[in-house]
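Single-structure report; data block below.
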Amino acid sequence: MEADRHATEATSALDEAQRQLREGVRPITIPTREEMEATKRRLQYKEGIFHFAVAGVSGSGKSSLINAFRGLRNRDHGAAPTGIVETTGEITRYPDPDPVNPWAWYDVPGAGTIRIPDWVYFNAQGLYCFDCIILLFDNRFTETDIAILRNCARYNIPAYIVRSKSNQHIKNILYDMGYDSDRDETTGHALAQAARRRYIAETRASVARNLREAQLPQQRVYVVSKDTLVRIIRDGSANDPLDELELLRDLLTEARARRSRRPSLDIDGYVGGRPGSSSLPASSSVF
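By the count of full-length UniProt numbering, the sequence shown reaches residue 287 at its end, each step adding exactly one.
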């Protein structure tokens with residue numbers, strides 16, 4: 001009798017799983033302890049190091065952003081390869097160029113491709129092992145991005161939403177507004193500031209709407225430019241930044257709170273900390 005009951009339950013479970021697949025409901029899979037440990041070994045996960053993963057759809061600029069976080073331009077020696085098409089075939093670990101910084105950056109292949117469908121992306125890449133995930137998007141927020149955020153919540157992994165290539169987007173809006181470099185020489189700065197405000201407002205409104213429709217908690221979106229980020233990290237400052245400083249401070253606060261064993265870690269040891277560069281003023285420290 002007991003055996004019959006178990007057989008009936010198993011059949012019902014199989015029927016339900018098949019029904020959900022037919023209706024487009026994707027299964028939730030949780031890695032076993034053995035799979036978790038194997039993934040950590042594959043990713044060279046080390047205790048005492050904070051592991052940042054930069055994830056998102058193909059072509060969103062993940063490799064360029066990792067280079068910027070490491071204080072490198074795309075052409076510099078040791079930079080992650082970049083290109084018009086997806087250049088990251090497998091997840092790649094990049095230690096910070098400064099060996100005293102206790103973190104590593106991971107360039108994750110683009111989601112939503114034929115090779116990596118969005119619904120298997122999170123587990124297939126082993127994103128459940130990371131201490132923090134930076135979700136990068138370029139033009140629009142997609143179902144793939146929502147899937148990543150859902151999984152971050154499921155595994156209790158802090159996620160930061162970042163929009164890339166912001167200077168180019170602002171420039172596009174500026175020209176959409178009718179800007180003419182010859183005609184608008186005296187009003188160019190005011191128009192550029194208006195384009196900047198419009199870009200930030202539209203980006204935040206779009207992400208907020210998508211999170212609301214997906215029934216996910218509201219959270220901040222950071223708009224950044226990789227070139228500005230590089231200047232801040234290499235030189236300690238940049239003219240007219242967007243959200244780069246706030247993003248760095250929030251990431252480093254997260255790193256110190258969750259993983260770092262160096263009690264003196266602060267932003268002055270990272271931003272502007274490259275040899276030959278000046279640090280931010282002491283008042284800029286977030287710790």
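Yeah, the Cβ is synthetic: ideal placement off N, Cα and C, and Gly gets one too.
Neighbourhood of residue i by C-beta distance below 7 Å, restricted to the same chain and skipping five residues each side
{"i": "Arg231", "result": "Ala238"}
{"i": "Ile173", "result": "Ala195, Arg198, Tyr199"}
{"i": "Lys165", "result": "Gly61, Asp138"}
{"i": "His169", "result": "Tyr199"}
{"i": "Ala192", "result": "Leu174"}
Residue-level contact to chain D via CB, residue i, 8 Å cutoff
{"i": "Phe69", "result": "Here there is only one protein chain, and chain D is not present."}
Reduced DSSP category for residue i - H, G, I as helix; E, B as strand; rest coil
{"i": "Asp250", "result": "helix"}
{"i": "Asp107", "result": "strand"}
{"i": "Ala80", "result": "coil"}
{"i": "Pro99", "result": "coil"}
Neighbourhood of residue i by C-beta distance below 8 Å, restricted to the same chain and skipping five residues each side
{"i": "Ile200", "result": "Val223, Leu242"}
{"i": "Ile49", "result": "Pro102, Trp103, Ala104, Arg259"}
For residue i, the first and last residue of its enclosing alpha helix (DSSP H)
{"i": "Arg42", "result": "33–42"}
Close Cβ partners of residue i (< 6 Å) along its chain, the five nearest in sequence each way excluded
{"i": "Ala257", "result": "none"}
{"i": "Asn67", "result": "Asn74, Ala79, Ala80"}
{"i": "Lys40", "result": "Cys129"}
{"i": "Glu244", "result": "Val224, Thr228, Leu229, Ile232"}
Residue span of the beta strand (DSSP E) that contains residue i, given as start and end
{"i": "Thr92", "result": "92–95"}
Could you name each continuous beta strand (DSSP E) segment of 3 residues or more that falls completely within the region 48–77, going from the start of the chain to the end?
50–56
Just to confirm the assignment: which complete alpha helix (DSSP H) runs, minimum length 4, are found wholly within the region 195–253?
Runs of alpha helix (DSSP H) with 4 or more residues, each lying fully within the region 195–253, are found at 226–235, listed in chain order.
Uninterrupted alpha helix (DSSP H) stretches inside the region 114–184 (no shorter than 4 residues):
118–124, 143–154, 166–176
Is it the case that the region 212–223 contacts the region 148–160, given that we only count it when at least three CB pairs across the two stretches are under 8 Å?
Result yes; three or more Cβ-Cβ pairs closer than 8 Å.
Does the region 188–199 come into contact with the region 124–139, if we say contact requires no fewer than three beta-carbon pairs (one atom in each stretch) closer than 8 Å?
no
Cβ pair count under 8 Å reaching 3, the region 30–39 against the region 103–110
no
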